[in-house]
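Taking the working numbering, the leading residue of the sequence shown gets 1156, the next gets one more, and so forth.
Don't be surprised by glycine CBs; every beta carbon is placed ideally from N, CA and C.
Everything below concerns the one structure shown next.
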Amino acid sequence: DEMCHLIMSFCSGTDLARLAQVNRFLYAACHQPEYWRDLVLRRVEQEQVVLEDMSLNSWKDTYMQLQTRSSTQKSGNQRVHPKPHQPMAVSGVYSDYFYRLHSCRTFDIPQQWLDKDESDTKSSVKCIPASKMTLDTFYHEFEDTNTPVLIRQGAATWQANNDRWNLPYLLDQTRGQDFRATSGAAPLPAQFSLKAYHQYCQWQLLEEAPLYLFDRTALAPNCPLWKDFHPDLNKTCPYWSETAPQHDLFALLGEGRRPDHTWLITGPKRSGSVFHMDPNATHAWNAAVKGRKRWIFYPPGVPPPGVHPSADADQVALPLTVGEWIFQFWDQHVDRLLNSPPSEQPLEVTAFPGDVIFVPHGWWHMVINLDEGMNIAITHNYASKS
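Structure, rendered in structure tokens:
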């Protein structure tokens, strides 16, 4: 099965369509969304186009739409809109390989992750209401000690969180812009309009590693979306204010020379980021705007199960998708939760809309989007005196 997968990954759209007619096994295999996603991404990269319509609900239909548009442009004929593919149900197909892909795409989200009142166990990230998080508390108990913390409702009063960032508003503010989305399993990134990416997030069948919109240009200083959160951030989370002493040392370099620091992040259910450490030894904060996020942390120097960094941590071997890590290493993670000594204890927490989480430097972390539709967050990296 893996050899079939490897061969089919080199096939053109025409070849896949022909292979799908051979037998039941190849019909099921050739309709795996990853093949058609890769064909679409390579095509838009070659043609240097932005994906502006993802309303057909599958990568195969999106590929056929691009193919038809290209053919009609070359021939000069009137454009024909292809009918969406209606897949047939087939039985008697057994494949451990394709079952694993399916399992990674559709893994169950534990009810515990969705409950706001998790029990305060040793494996929970500490949660503090925004009203009780003072500057001294944040600096001395969390930033200076390099300890994660969730600030409940730290962003609840931001304009971005008060239903302002609804779809019509976001589409209006981003008209004419395109956004970069990719995943660890995708061969290339792609540029989407926000409307097209929102359509993609509504699909019922996504690939194993859904494309994750992680854009560094959308929240440029003084743009309308930046104004929807930045002034409020200074009020509700003063420990991250620009006026806080020695808070953001990269700011000394100037906006044109400092590393990228503020991102708009969106993704569908089960999308997210695999385990990583943030770059340049930076701290970060992440504010959930729409949708819930599950955070899993491992302390500095304690790689998570299945994560193998090189001696200098310059390179890391790890599963490429969230689903693959859960499918292969969840039991080992649970064992670590229950039996690790305090210094190696992994931590977990769910951030709800309006919550802000502090991610200290050097901590391994994975993030999983939990809700249907387009989950939205804002994240910012900084280097402080700590």
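Under the three-state reduction of DSSP, histidine 1186 is assigned to coil, being neither helix nor strand. Secondary structure note for lysine 1382: its alpha helix (DSSP H) is the uninterrupted segment 1379–1382.
Collapsing the DSSP output to three states places proline 1423 in coil. For glutamate 1296, the three-state secondary structure derived from DSSP is helix. By DSSP's assignment, proline 1464 forms a beta bridge with Val1471. When secondary structure is reduced to three states using DSSP, tryptophan 1450 falls in the strand class. Minimum Cα-Cα distance from proline 1423 among the listed residues Trp1440, Asp1433 and Phe1369 corresponds to Phe1369.
Per DSSP, the continuous alpha helix (DSSP H) segment holding threonine 1391 begins and ends at 1385–1391. Here valine 1504 is bridged, per DSSP, to Trp1450. In the DSSP assignment, valine 1489 falls within the unbroken alpha helix (DSSP H) covering 1477–1494. Contact between leucine 1194 and tyrosine 1218 holds, since their C-beta atoms are separated by about 5 Å, short of 8 Å. With respect to the C-alpha of histidine 1488, the residue from Val1462, Val1280 and Ala1285 having the closest C-alpha is Val1462. For the pair alanine 1336 and proline 1342, the CB atoms are not nearer than the 8 Å cut-off. Shown here, tyrosine 1252 sits in a helix according to DSSP, grouped into three states.
At least 8 Å separates the beta-carbon of valine 1444 from that of alanine 1506. The beta carbon of serine 1426 lies closer than 7 Å to those of Pro1365, Tyr1367 and Asn1524 in the same chain, with the five residues before and after it left out. Annotation for leucine 1196: Ala1341, Pro1342, Leu1343 and Ala1345 place their beta carbon closer than 7 Å to its own, counting only its chain and skipping 5 residues before and after. The beta carbon of isoleucine 1264 sits closer than 6 Å to the beta carbons of Leu1525 from its chain, once the five residues preceding and following it are set aside; these are given in chain order.
One alpha carbon belongs to proline 1515, the other to proline 1460, and they sit about 20 Å apart. Look at leucine 1305 here: in three-state DSSP terms it is strand.
In the structure shown, the three-state DSSP call for alanine 1172 is helix. Burial check for lysine 1390: the Cβ neighbour count within 10 Å stays below 16, so the residue is exposed. Straight through space, the alpha carbons of glutamine 1222 and tryptophan 1519 are spaced by roughly 42 Å. A contact is defined here as three or more CB-CB pairs under 8 Å, and the region 1346–1353 meets this definition with respect to the region 1320–1335.
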